[in-house]
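J.: My structure is below; once you've seen it, I'll send some questions.
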Amino acid sequence: MTTPLTTVVWLRLDLRLADNPALHLAAERGGPVVPLFIWSPEEEGVWQPGAATRWWLHHSLAELSERFAKLGSPLIIRRGAALEVLQSVVRATGADAVYWNRRYEPELIARDKLVKAALVADGLQVQSFNSALLREPWTIATKQGKPYQVFTPFWRACVASANEAPEREQEPVDAPRQLASPSHLPKSDTLTSLGLLPKLSWADEFPKFARPGELHALKRLQEFLADGVLEYDHERDRPDHLGVSRLSPHLHFGELGPRQIREALQLYAHAGDARRKKAAEGFLRQIYWREFAHHLLYHFPHTPEQPLRDEFARFPWLKNYKQLSAWQQGRTGYPIVDAGMRQLWRTGWMHNRVRMIVASFLVKDLLLPWHEGARWFWDTLVDADLANNTLGWQWTAGCGADAAPYFRVFNPTSQGEKFDPVGDYVRRYVPELAKLPAKWIHRPAEAPREVLEAAGVTLGETYPSPLVDHAEAREAALAALQTLRK
DNA sequence: TTTTGAGTTGTTCGA
DNA sequence: GTCGAACAACTCAAA
């Protein structure tokens with residue numbers, strides 16, 4: 000009698016059943032499949048999952064666990080060093096193979112390499128796959144063989160070669176319909192024992208913008224295709240309208256993969272007119288920004304800590320940490336900035352347009368180091384992703400790829416008036432300003448006294464006075480940038 | 001090797 | 001109120 004071959008599927012940022020190559024191919028082997036999640040935050044180095052991310056992870060795992068149970072093989076959850084846990088699960092189940100989908104953060108590439116070598120030395124079949132990207136970073140390069148550093152050529156090159164073997168971007172694979180479980184189930188820790196949930200209930204409003212789990216991810220994608228993507232090009236800039244996809248946390252945790260998005264967009268465009276086609280292309284272009292971010296992180300692994308343009312290493316940051324704290328708490332005196340920072344704190348998410356505004360304010364108005372902003376986002380965003388976070392902050396600070404021209408300094412007042420014209424977004428998150436009329440809601444410091452009185456606003460008491468004068472701050476930022484010139 | 005065109009997301013000023 | 005130009009120089013990517 001031959002024993003069917005057991006495969007351990009090590010799940011990481013690929014918390015889904017559909018389009019999961021490691022799971023799909025493990026199931027195709029025909030033997031028992033052991034889905035395993037290992038909680039080992041220490042192995043992620045200084046970029047351990049932040050508090051908001053942990054909340055999301057807890058709920059995502061809870062849902063995934065139910066779904067694996069229905070498929071026939073329960074999700075095993077363990078806390079500990081990845082290699083030791085894998086070896087112990089292999090021993091307990093008699094598995095002969097370990098499959099996983101790749102991650103691209105520098106610390107984890109190193110960790111996975113060691114794990115793979117050790118498991119191979121144990122005589123196991125070890126295979127890793129791509130679940131997270133349309134284009135893995137090493138499959139595309141400039142004609143000089145170097146990594147891309149500008150988005151548009153990167154994107155064009157990806158699109159131009161999307162159908163060429165061997166770099167061909169793959170189609171999604173199916174979810175397994177059922178799984179055989181091993182005759183001896185390995186022991187599992189409980190999800191609660193990982194301690195991912197906050198002790199205080201600060202996450203109550205988190206489900207407002209996105210809900211963890213593969214089913215919610217698929218539903219969100221369909222909703223976005225039905226009522227968002229067509230208007231995405233201009234509506235995505237309206238934090239008061241919520242015209243964005245809100246898929247970012249799902250993408251980060253791999254509850255949904257970019258291949259599934261691309262396929263859905265193709266179907267959507269195919270079934271419609273030129274407008275649909277244009278909308279689908281526009282959204283897919285944004286998905287390629289995520290690809291670009293991973294490309295950069297892989298090829299420039301120092302960038303989470305160091306600027307890509309090294310002259311920025313000598314930028315004269317001010318490091319006024321009292322002001323940092325005011326920014327974090329949403330008490331800068333600039334309503335759109337404060338609304339964004341409070342939305343982040345309360346909901347674990349912030350509209351992308353507002354992310355740019357608050358980031359520009361931190362870096363260019365307060366002259367605080369971009370790492371401080373990156374750190375705060377890392378801890379507070381449910382979609383915190385090392386590649387995207389690094390690209391975004393370096394872009395804003397002007398020290399990264401495709402850097403903004405030196406003169407592009409966001410004006411928080413005009414940005415507010417342009418993208419939150421009636422002030423609804425500010426009213427939602429800065430209730431002490433709610434009674435101000437639209438004309439003054441983005442510039443309370445300039446409002447006539449009787450307007451403020453009527454709205455019950457006392458500057459410096461019920462709402463802070465502006466932390467800095469934007470016009471002066473802008474000049475200071477430009478002067479600081481001048482010092483970098485060669 | 002050198003040249004050339006281009007580069008996500010803006011603001012301000014003056015006509 | 002609206003519009004267009006100016007705001008540096010640099011680096012990337014391809015020809």
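Here the first sequence is numbered in numbering that gives the first Met the number 0, starting from 0 and rising by one per residue.
Positions of the beta carbon are idealized from the N, C-alpha and C atoms, including for glycine.
Quick one: what's H114 bridged to in DSSP?
T.: Residue 114 sits at position 115 when you count from the first residue of the first sequence. Sequence check: residue 114 is Val here, not His. For V114, which the question treats as bridged, DSSP gives no partner whatsoever.
J.: How close, in whole Å, do the beta carbons of L380 and L343 come, if the pair is a contact with beta carbons under 8 Å?
T.: One-based indexing of the first sequence puts residue 380 at position 381. One-based indexing of the first sequence puts residue 343 at position 344. Yes, L380 and L343 are in contact; Cβ-Cβ is about 7 Å, under 8 Å.
J.: Put R484 into one of helix, strand or coil per three-state DSSP.
T.: Counting from 1 along the first sequence, the entry for residue 484 is found at position 485. Residue state for R484 is assigned as coil, using DSSP reduced to three classes.
J.: For a minimum of 4 consecutive residues, which ranges assigned as the alpha helix (DSSP H) are wholly contained in the region 397 to 471?
T.: Taking only runs of at least 4 residues, the alpha helix (DSSP H) segments lying wholly in the region 397 to 471 are 411 to 418, 423 to 428, 437 to 440, 448 to 454.
J.: Would you decide whether N162 is buried or exposed? Buried here means 16 or more other CB atoms lie within 10 Å of its CB.
T.: Counting from one through the first sequence, the residue named residue 162 turns up at place 163. Exposed is the call here.
J.: Out of curiosity, what's the CA-to-CA distance linking E168 and Q259?
T.: For this step, residue 168 is matched to residue 169 along the first sequence. For this step, residue 259 is matched to residue 260 along the first sequence. Taking the straight line from one Cα to the other gives about 12 Å.
J.: Using only alpha-carbon positions, find the residue among Q393, P40, A358 that is nearest to L195.
T.: The residue you call residue 195 lines up with position 196 of the first sequence. It is P40.
J.: Assuming V243 contacts H370 under a Cβ cut-off of 8 Å, what Cβ separation, rounded to an integer in Å, is found between them?
T.: Along the first sequence, one-based indexing puts residue 243 at 244. Along the first sequence, one-based indexing puts residue 370 at 371. Contact doesn't hold; Cβ gap of about 26 Å is too wide.
J.: Alpha carbons only, please: which of R102, Q285, L365 is nearest the one belonging to F150?
T.: Locating residue 150 in the first sequence gives position 151, where the first residue counts as 1. Ranking the options by Cα distance to F150, first place goes to Q285.
J.: In three-state DSSP terms, what is Y103?
T.: As a working mapping, residue 103 is identified with position 104 in the first sequence. Three-state result, Y103: coil.
J.: Can you confirm whether the region 266 to 285 touches the region 226 to 235 when touching is taken to mean that 3 or more C-beta pairs between the two stretches lie within less than 8 Å?
T.: yes
J.: Taking one C-beta from the region 284 to 301 and one from the region 130 to 137 each time, how about it: are there three or more such pairs within less than 8 Å?
T.: yes
J.: From T482 to A476, what does the alpha carbon distance come to, in whole angstroms?
T.: Taking the first residue of the first sequence as position 1, residue 482 is located at position 483. Taking the first residue of the first sequence as position 1, residue 476 is located at position 477. One C-alpha to the other measures close to 10 Å.
J.: Taking all protein chains shown into account, do 16 or more other C-beta atoms lie within 10 angstroms of the C-beta of Y103, making it buried, or fewer, making it exposed?
T.: By 1-based counting over the first sequence, the position of residue 103 is 104. Classification for Y103: buried.
J.: Is the separation between the beta-carbon of S64 and that of W99 shorter than 8 Å?
T.: Position 65 of the first sequence holds residue 64. Position 100 of the first sequence holds residue 99. Cβ distance not < 8 Å, so S64 and W99 don't count as in contact.
J.: Is it right to say A68 is buried, meaning 16 or more other beta carbons lie within 10 angstroms of its own, or is it exposed?
T.: In the first sequence, counting from the first residue as 1, residue 68 sits at position 69. So A68 counts as exposed.
J.: Skipping 5 residues on each side, what residues in its chain have a beta carbon closer than 6 Å to that of A179?
T.: Here residue 179 refers to the residue found at position 180 of the first sequence. Within the same chain, A179 has close Cβ partners P31.
J.: May I have the straight-line CA-CA distance separating A140 from L451, to the nearest angstrom?
T.: Against the first sequence, residue 140 aligns to sequence position 141. Against the first sequence, residue 451 aligns to sequence position 452. Taking the straight line from one Cα to the other gives about 57 Å.
J.: Alpha carbons only, please: which of G49, L323, Q305, V33 is nearest the one belonging to L10?
T.: Working through the first sequence from its first residue, we reach residue 10 at position 11. Nearest option by C-alpha distance: V33.
J.: Taking W38 as the reference, which of R78, L22, A21 has the closest Cα?
T.: Locating residue 38 in the first sequence gives position 39, where the first residue counts as 1. W38 has its Cα closest to that of R78, out of R78, L22, A21.
J.: Using only the alpha-carbon positions, how far apart do I335 and L199 sit?
T.: If you number the first sequence from 1, residue 335 lands on position 336. If you number the first sequence from 1, residue 199 lands on position 200. Cα-Cα distance, rounded: 27 Å.
J.: For M0, collect the residues of the same chain with a Cβ closer than 8 Å to its Cβ; drop the 5 residues on either side in sequence, then sort them by chain order.
T.: As a working mapping, residue 0 is identified with position 1 in the first sequence. Its pLDDT being 48, under 50, M0 is placed unreliably by the model, and the measurement read from it follows with that caveat. Nothing listed; no residue qualifies.
J.: Go through its chain and collect everything with a Cβ distance to E62's Cβ below 6 Å, but skip five positions before and after it.
T.: The residue you call residue 62 lines up with position 63 of the first sequence. Shown here for E62: same chain residues with a beta carbon closer than 6 Å to its own, the five before and five after excluded, namely G212 in chain order.
J.: From the DSSP output, in three-state form, read off P211 for me.
T.: Looking up residue 211 in the first sequence gives position 212. In the structure shown, P211 sits in coil (DSSP, three-state: anything other than H, G, I, E or B).
J.: Using three-state DSSP, classify L10 as helix, strand or coil.
T.: As a working note, residue 10 is residue 11 in the first sequence. Note: L10 maps to strand in three-state DSSP.
J.: Does the region 360 to 370 come within contact of the region 406 to 417, defined as at least 3 CB pairs closer than 8 Å?
T.: yes
J.: Taking the C-alpha atoms as reference points, what is the distance between L250 and P447?
T.: Start at 1 with the first residue of the first sequence, and residue 250 comes out as number 251. Start at 1 with the first residue of the first sequence, and residue 447 comes out as number 448. If you take the alpha carbons of L250 and P447, they lie about 46 Å apart.
J.: Can you give the Cα-Cα distance for V421 and A437, rounded to whole angstroms?
T.: Position 422 of the first sequence, counted from the first residue, corresponds to residue 421. Position 438 of the first sequence, counted from the first residue, corresponds to residue 437. About 5 Å.
J.: What does the alpha-carbon distance come out to for the pair L367 and P315?
T.: Numbered from its first residue, the first sequence carries residue 367 at position 368. Numbered from its first residue, the first sequence carries residue 315 at position 316. Distance between the alpha carbons of L367 and P315: 9 Å.
J.: Per DSSP, what kind of secondary structure is A96 in: helix, strand or coil?
T.: What you label residue 96 is simply residue 97 of the first sequence in a count that begins at 1. Residue state, collapsed to three classes: strand.
J.: Which stretch, first to last residue, makes up the alpha helix (DSSP H) that contains P257?
T.: Looking up residue 257 in the first sequence gives position 258. 257 to 269 is the span of the alpha helix (DSSP H), which, as asked, contains P257.
J.: Take the Cβ of Y424 as the centre, count every other Cβ of all protein chains shown within 10 Å, and call the residue buried at 16 or more, exposed below.
T.: Indexing the first sequence from 1 puts residue 424 at position 425. When all chains shown are included, Y424 counts as buried.
J.: Quick check: what's the CA-CA separation for Q86 versus K321?
T.: On the first sequence, position 87 is the one that residue 86 refers to. On the first sequence, position 322 is the one that residue 321 refers to. Cα to Cα, the separation comes out at about 48 Å.
J.: Check I108 in the structure and name its three-state DSSP category.
T.: By 1-based counting over the first sequence, the position of residue 108 is 109. The answer is helix: DSSP assigns I108 an H, G or I state.
J.: For a quick check, are the C-beta atoms of S187 and I75 less than 8 Å apart?
T.: The residue labelled residue 187 in the question sits at position 188 within the first sequence. The residue labelled residue 75 in the question sits at position 76 within the first sequence. It is a contact, given that the beta carbons lie within the stated cut-off.
J.: To the nearest angstrom, report how far apart L220 and L246 are at their CA atoms.
T.: Counted from its first residue, the first sequence places residue 220 at position 221. Counted from its first residue, the first sequence places residue 246 at position 247. In a straight line, the C-alpha of L220 is about 7 Å away from that of L246.
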